[in-house]
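Working notes for the structure below.
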Amino acid sequence: MYEELKQQEMLDMLRKFRNMNIDYELVGFYQAHPFGACFSQDLVDSMFDYQSNGPDGVVIIYDPVKTRQGQLCMRAYRLSVPALELCAKNDWSPDAVKAANLTYQTMFEELPIVIKSSHLVNVMMAELSLAPTRIADRFSTHLELGSRRSLEKSVRAMMANIDELNKSISAYGKYVNDKQRHDNMIYNLTQKRVTGENIAKLFLAEALADDKGTTKDRSQSLLNR
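So for the sequence shown, this note's numbering puts the first residue at 153; every next one is plus one.
Okay, here's the thing in structure tokens:
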């Protein structure tokens, strides 16, 4: 009982807010549906709940596919009066639908959507329109996404190529480090070999010198005899 009274009080307060235009921004809800495929029983039930509390309730259907292609697609709907009456009666028999003259075309009412930009955007657009044609064309090309439907695909391909480039750079850096390490190892081994050969030559020269000295001493001793 308390919850019902609390809910009723909340609905009354919201209704008074709407009458006083305090919550003028609260107009309903929005849903995102690819290609605008939004009409379902759940949508009808939700719209009936909103329009039962306030007749100005609407639903805004947003198409992310067309918007991604550069064409903003938003449509506003609300249940028509015959549809609201049938929802209130909860009688969807063929005779009731025929008596209400309800069809797929008259189930929903489509409302026009007007998008208003901020004052800064309006000033910028006015400046672009008043600017010379060459400057306006140069700046307006960045504001038209409809002519660049492959923009997202190009950006994704560029990002993938950048990732591949980073991988190639990392692999090349690893190759350079390995090559430097290998060159240092070859240089050290070469230096050790040269040093060993020099030491061996030095020992050989000393041995030959000792042999020559010994031979000379023997020859001198024989001459003395």
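A virtual CB, placed ideally from N, CA and C, is assigned to each residue, including glycine.
Asked	Found
Whether arginine 180 touches valine 211 by CB criterion (9 Å)	As written in the sequence, residue 180 is glycine, which differs from the arginine given in the question. Against a cut-off of 9 Å, the Cβ pair of valine 211 and glycine 180 comes out as a contact.
Limits of the alpha helix (DSSP H) - the one that glutamine 203 falls within	193-205
Assigned exposure category for arginine 230 - 16 Cβ within 10 Å defines buried	buried
Beta carbon of arginine 227 nearer than 9 Å to that of isoleucine 265	yes
Given proline 216 as reference, the closest of Val275, Lys326 and Gln183 once Cα atoms are compared	Gln183
DSSP three-state assignment for alanine 256, whether helix, strand or coil	This sequence places tyrosine at residue 256; alanine is not what is there. Of the three classes helix, strand and coil, the one that applies to tyrosine 256 here is coil, per DSSP.
Tryptophan 244 to leucine 236 span [Cα, whole Å]	11 Å
Rounded straight-line distance, which links the Cα of glutamine 223 to that of leucine 280	21 Å
First through last residue of the alpha helix (DSSP H) which encompasses leucine 231	Note, leucine 231: premise wrong, no alpha helix (DSSP H); beta strand (DSSP E) at 226-231.
Endpoints, the alpha helix (DSSP H) within which valine 249 is located	246-251
Where the beta strand (DSSP E) containing valine 210 begins and where it ends	210-214
Three-way DSSP call (helix, strand, coil) for glycine 348 in this model	helix
Exposure label - tyrosine 327; buried when at least 16 CB within 10 Å	exposed
Contacts around tyrosine 324, its chain only, beta-carbon distance under 8 Å, and the 5 residues preceding and following it disregarded	none
Leucine 360 versus isoleucine 321: straight-line alpha-carbon distance, rounded	58 Å
C-alpha gap between serine 198 and glycine 209, whole angstroms	10 Å
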